[in-house]
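Asks: Input: one structure, supplied below.
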Amino acid sequence: MYRRLYEIKPLEEEGFFEGRIKESAKLEEAFNHWNESNISSAIIVGEKGSGASSLLNKFVKNHNDSNITRHQMTTLACTAEEFSLFFDALFEDNKLRDFESTVNFLNKGRKRIIILEDIQHFYLKKPNGFEAINLLLELISQTAKNVFWLVGISTFSWNYFEKTIAIERFIRHKIILSPLNEEQIVTLIMKRHRVSGYDLKFDANQSQRKDLFTSLRKTTDNSQEGLKKSFFTELNSFAQSNISLALLYWLHSAISFENNTVIIGKIKNIKFDFLTSLDATSIFTLHSLLLHDNLSITEHAAVFHQAEKQSRMTLMVLEDSGILISQNGEYTINQLIYRQVVTVLRNKNLIH
Amino acid sequence: MKKIALLLVFISFGFSMQCQDSLTVVEDLSDPLYIGNSIVSKEVKADTMRIDSTKEITKNPKQIAVSDTQQVIIFDTVRVTVEKAKITDELIPTLIPKAYTAKKKTVTPLSDIIAFSNIFWSLVILIGTYFFIKILVTIIERFAEKSTNYRITLKSLSPFVKIIGWLVAIVWIIEGVFGLSNDTLFAFLASAGLAIGFASQDILKNIFGGVMILIDKPFQVGDKIEVGAIYGEVKEIGLRSTRIITKDDSLVSVPNAEVVNSAVSNSNTGEANCQVVAEIYLPIDTDTNTARLIATEAAQVSRFIYLNKPITVLFFNELKEERSYYKMRVKAYVSDIRNEFAFKSDMTEIIMKEFLKQSIFKKQDVQ
């Protein structure tokens, strides 16, 4: 039960929602602008696990009387054909065979809201790989009067699109999910904990950092409040304001349940030195995965313009090392080392 | 040449020792020295007092009898020639025998300086310094290799570490092991410098060139530079030469004097990225707009691209075998200068494939 409370999935329960006040206000402002018969669209830019879906859930709840179509992209649709098929499937029974018919359909009838999450799946980093994303932006431009487009994208894909296809020109309102501060992260975790009904105890032996500076300190605050403070400082230094990562590290630190009490131990120090010594192919693979979220072997081969056999080898080696996780033939970066991968790619001058 | 230089150094060293023997050094004047109220006062600087007093004493010592109540403190070490020292030795003790506390000291003979223990400890320091510098530079390089962004900045510290390390070692040997005084040291350095200067002008030119490179910083360790016909990554900036690794993985040593006197082209000036140009010849009837779009996209999707700087595609008209061609130049930046040629190749590969796929090249063009 306790684990379920910290499951990494978008929030349905508004009581758990924390922060994002400015972002919510901006979103409402963009919607109101469109509602006043203006051309308007909005994009939510956030790191994976930063709470974009939860924010959208809140928005949908606030506007449940509107005509809302919502979809979270998980698979690739990077060609014009795939793009048309996607919209055809999204609006069943409307025979949207091509771009023109989709534009006509959306410009007719009742005003609607279309929410598309993870639009980075509309492209593949290969020649002609921008076809679908360009079509989507064109569709947004041509239908923004009748449709309030609310799209979500990962931070790194946004940065890439800004520099390649100047995405900012096509979408009027940009909402960037700012990092949560330490206090907000604590509140977010404690809100869920309180619901569990368990008591909480920070383990004095394991919660302290056994580093040089700590050992040099003359006194250590061993009170529960002191231990809690040092635990959350450490947790935030690992998670760096990423909600999913914070929840994940919290769960990993729950070492035991004794007499209705959850014992929280030291955050497992994940060593990632091995990431810095990865070969160039692996580093570039991680970069591509960061931009695309997930890739199949075929997609990886297309990105690196190489044989599928080579791609399979690269992805399997990374999976064996625990860096990647494979699900239904799609490879993605292990959430546990997501932050470290970002740091390595930054050091390699691949992301900025 | 080297032998002559060594000989000159040796002679100059001996000469400086000889000069040293003819001096009488009066030191340790921390105790008060009484001279006389008619010639000095407390406010006058130590140096002036010494000269004035010497002159006065030489002229007519009896007229300037020293009073026991007057006090002059000379703050710094006094050096006088034999002639002056004699006067001081004779007169001051006569006038104020109790108060004269200055000691005379003669310099250690040359044979004592070139003793086995001195040479042994000098060698120990030199070897120790060598390994210390080596370890420090290795640590810097290891840290540098972990980050593309900070690689060049960190590596640029290596030459300074080397120079400072060796300077400290030399000063330590001279002051700590041989115990040479400043006079001896300056005399030695001056004469040795003169001798070395005559004997090895080229070496000195290179050393000064090395120092100029470090001060002026036209490039740093890790930069990609072009000196004359040599192009590659700067591996090391030494005192004599600059070492460059070329694209064929050869290590080329270019004398610093040559580097300083040549035009040096620096591709990245301390940054991790640099511009790469891929050139492709196209038929004159090519649709340049389509070609430009394909080329731009090819650069954008390359794994090596650095997108914080612009991609430019240019077309030039060139004549080859009496036919007119377009020369397309795709200019883009690579995220790590070490991937410069891989990026160039990747861009060319993607562009060519797409041109063939989209029939930008006709069959007769590629046959």
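Protein chains in written order, with my numbering: chain V, 1 to 352; chain L, 1001 to 1367. Using N, Cα and C, we set each Cβ at its ideal position, and we do this for glycine too. The model shown is predicted, which means the values in this text are computed figures rather than measured ones.
#1: Is the shortest distance between the beta-carbon of residue 170(V) and the beta-carbons of chain L less than 7 angstroms?
#2: What does residue 1148(L) reach in chain V if we use C-beta pairs closer than 9 angstroms?
#3: For a contact defined as C-beta to C-beta under 8 angstroms, what are the partners of residue 1306(L) on chain V?
#4: Can you tell me whether residue 129(V) is helix, strand or coil according to DSSP?
#5: For a test of the three-state rule: what should DSSP assign to residue 1287(L), helix, strand or coil?
#6: Residue 127(V) CB to nearest chain L CB: under 7 angstroms?
#7: According to DSSP, simplified to helix, strand and coil, what is residue 1242(L)?
#8: Is the beta carbon of residue 132(V) sitting closer than 7 angstroms to the one on residue 83(V)?
#9: With DSSP run on the structure shown, which of helix, strand or coil describes residue 1333(L)?
#10: Under the DSSP definition of a beta bridge, which residues are partnered with residue 97(V)?
#11: State the DSSP-derived secondary structure class of residue 249(V), mapped to helix, strand or coil.
#12: 7 angstroms is my cut-off, CB to CB: does residue 284(V) come that close to chain L?
#13: Whose C-beta lies closer than 6 angstroms to the C-beta of residue 345(V) among residues of the same chain, with five residues either side of it excluded?
#14: Mind checking the segment 248 to 276 of chain V against chain L and listing, in chain order, the residues whose C-beta falls within less than 7 angstroms of any C-beta there?
#15: Measuring CA to CA, which of 1137(L), 1144(L), 1246(L) is closest to residue 1238(L)?
#16: Should residue 1054(L) be flagged as near chain V, meaning a C-beta pair shorter than 7 angstroms?
#17: For residue 969(L), report the span of its beta strand (DSSP E) as first-last.
#18: So is residue 1167(L) buried or exposed if we call it buried at 16+ other beta carbons inside 10 Å?
#19: List the DSSP bridge partners of residue 1280(L).
#20: Can you find the residues in the same chain that come closer than 8 angstroms, C-beta to C-beta, to residue 1303(L), ignoring five residues on each side of it along the sequence?
#21: Taking C-beta pairs closer than 7 angstroms, name the residues in chain V that residue 1268(L) reaches, listed in chain order.
#22: Closer than 7 angstroms between beta carbons: that is the criterion. Which residues of the segment 1338 to 1360 of chain L meet it against chain V?
#23: Given that a residue counts as buried once 16 or more other Cβ atoms are within 10 Å of its Cβ, and exposed if not, what is residue 160(V)?
#24: In the DSSP assignment, what are the bridge partners of residue 331(V)?
#25: Taking 7 angstroms as the cut-off, decide whether the C-beta atoms of residue 1243(L) and residue 1206(L) are in contact.
#26: With a 10 Å radius around its C-beta and 16 neighbouring C-beta atoms as the bar for buried, classify residue 1295(L) as buried or exposed.
#27: Using a C-beta to C-beta distance shorter than 7 angstroms, which residues of chain L count as neighbours of residue 122(V)?
#28: Do residue 175(V) and residue 153(V) come within 7 angstroms of each other at the CB atom, strictly closer than that value?
#29: Name the chain L residues whose beta carbon is nearer than 8 angstroms to that of residue 305(V)?
#30: Nearest to residue 299(V) by CA position, among 223(V), 283(V), 125(V), is which residue?
#31: One question on the structure: do residue 51(V) and residue 243(V) come within less than 7 angstroms of each other, judged by their Cβ atoms?
#32: Is residue 1124(L) buried or exposed, if buried means 16 or more other CB atoms sit within 10 Å of its CB?
#33: Taking the alpha carbon of residue 1272(L) as the point to measure from, which residue in 1333(L), 1279(L), 1215(L) has its own alpha carbon closest?
#34: With 7 angstroms set as the bound, which would you pick, yes or no: does the beta-carbon of residue 1362(L) sit closer than that to a beta-carbon of chain V?
#35: For residue 1284(L), which residues from the same chain have a beta carbon less than 7 angstroms from its beta carbon, with the 5 sequence-adjacent residues on both sides left out?
#36: Could you name the residues of the same chain whose beta carbon sits closer than 7 angstroms to that of residue 96(V), not counting the 5 residues immediately before and after it, in chain order?
Replies: In short, the structure shows the following:
#1: Locating residue 170(V) in the first sequence gives position 170, counting from the first residue. No, its Cβ sits nowhere closer than 7 angstroms to a Cβ of chain L.
#2: The residue you call residue 1148(L) lines up with position 148 of the second sequence. Near residue 1148(L) (Cβ distances below 9 angstroms), the residues of chain V are 347, 348, 349, 350.
#3: Taking the first residue of the second sequence as 1, we reach residue 1306(L) at position 306. Residues of chain V passing the Cβ test: 349.
#4: In the first sequence, residue 129(V) corresponds to position 129, counting from 1. Correct three-state label for residue 129(V): coil.
#5: The residue you call residue 1287(L) lines up with position 287 of the second sequence. If DSSP states are grouped into helix, strand and coil, residue 1287(L) belongs with coil.
#6: Within the first sequence, residue 127(V) is the residue found at index 127, counting from 1. Yes - at least one Cβ of chain L is within 7 angstroms of the one on residue 127(V).
#7: Numbered from its first residue, the second sequence carries residue 1242(L) at position 242. If DSSP states are grouped into helix, strand and coil, residue 1242(L) belongs with the strands.
#8: For this step, residue 132(V) is matched to residue 132 along the first sequence. For this step, residue 83(V) is matched to residue 83 along the first sequence. Their beta carbons are under 7 angstroms apart, which means residue 132(V) touches residue 83(V) by this criterion.
#9: Position 333 of the second sequence holds residue 1333(L). DSSP places residue 1333(L) in strand when its eight states are reduced to three.
#10: Position 97 of the first sequence, counted from the first residue, corresponds to residue 97(V). Per DSSP, none; premise fails for residue 97(V).
#11: Taking the first sequence and counting its residues from 1, the one referred to as residue 249(V) is at position 249. Helix at residue 249(V).
#12: As a first step, residue 284(V) must be located in the first sequence, where it is residue number 284. Taking Cβ atoms only, chain L reaches closer than 7 angstroms to residue 284(V), which makes this a yes.
#13: Your numbering for residue 345(V) matches position 345 in the first sequence. The answer, listed in chain order, is 287, 351.
#14: 276
#15: If you number the second sequence from 1, residue 1238(L) lands on position 238. For residue 1238(L), the nearest C-alpha among the options comes from 1137(L).
#16: Counting from 1 along the second sequence, the entry for residue 1054(L) is found at position 54. The predicted model places residue 1054(L) with a pLDDT of 39, which falls under 50 and marks its position as unreliable, so this point remains unresolved.
#17: Residue 969(L) is absent from the model: chain L starts at 1001 and stops at 1367.
#18: Your numbering for residue 1167(L) matches position 167 in the second sequence. Exposed: under 16 other Cβ atoms inside 10 Å.
#19: Numbered from 1 along the second sequence, position 280 holds the residue referred to as residue 1280(L). For residue 1280(L), which the question treats as bridged, DSSP gives the partners 1328(L).
#20: The sequence position of residue 1303(L) within the second sequence is 303, counting from 1. The answer, listed in chain order, is 1346.
#21: In the second sequence, counting from the first residue as 1, residue 1268(L) sits at position 268. Near residue 1268(L) there are no residues of chain V at all, since even the closest Cβ is about 11 angstroms away, more than 7 angstroms.
#22: 1350, 1354
#23: Translated into positions along the first sequence, residue 160(V) becomes position 160. Result: buried.
#24: Within the first sequence, the letter at position 331 stands for residue 331(V). Beta-bridge pairing links residue 331(V) to 295(V), 326(V).
#25: Start at 1 with the first residue of the second sequence, and residue 1243(L) comes out as number 243. Start at 1 with the first residue of the second sequence, and residue 1206(L) comes out as number 206. Cβ atoms of residue 1243(L) and residue 1206(L): not closer than 7 angstroms.
#26: Counting from one through the second sequence, the residue named residue 1295(L) turns up at place 295. Label assigned to residue 1295(L): buried.
#27: By one-based count along the first sequence, residue 122(V) stands at place 122. Under the 7 angstroms cutoff, chain L gives no residues; its nearest Cβ is about 15 angstroms from residue 122(V).
#28: Residue numbering aside, residue 153(V) sits at position 153 when the first sequence is read from its first letter. Residue numbering aside, residue 175(V) sits at position 175 when the first sequence is read from its first letter. The answer is no: Cβ separation not under 7 angstroms.
#29: Position 305 of the first sequence, counted from the start, is the residue given in the question as residue 305(V). Residues of chain L passing the Cβ test: 1349, 1350, 1353.
#30: On the first sequence, position 299 is the one that residue 299(V) refers to. Closest option to residue 299(V), Cα to Cα, is 125(V).
#31: The sequence position of residue 51(V) within the first sequence is 51, counting from 1. The sequence position of residue 243(V) within the first sequence is 243, counting from 1. In this structure, residue 243(V) lies closer than 7 angstroms to residue 51(V) by Cβ.
#32: Taking the second sequence and counting its residues from 1, the one referred to as residue 1124(L) is at position 124. The residue in question, residue 1124(L), is exposed, as its Cβ has fewer than 16 Cβ neighbours within 10 Å.
#33: Here the question's residue 1272(L) lines up with position 272 in the second sequence. When each option's Cα is compared against that of residue 1272(L), the closest is 1333(L).
#34: Within the second sequence, numbered from 1, the residue matching residue 1362(L) stands at position 362. By this cut-off, residue 1362(L) is not an interface position.
#35: By 1-based counting over the second sequence, the position of residue 1284(L) is 284. Closer than 7 angstroms at the Cβ level, and outside the excluded window around residue 1284(L), lie 1324, 1325, 1326.
#36: Translated into the one-based positions of the first sequence, residue 96(V) becomes position 96. So the qualifying residues of the chain are 84, 87, 88, 102, 105.
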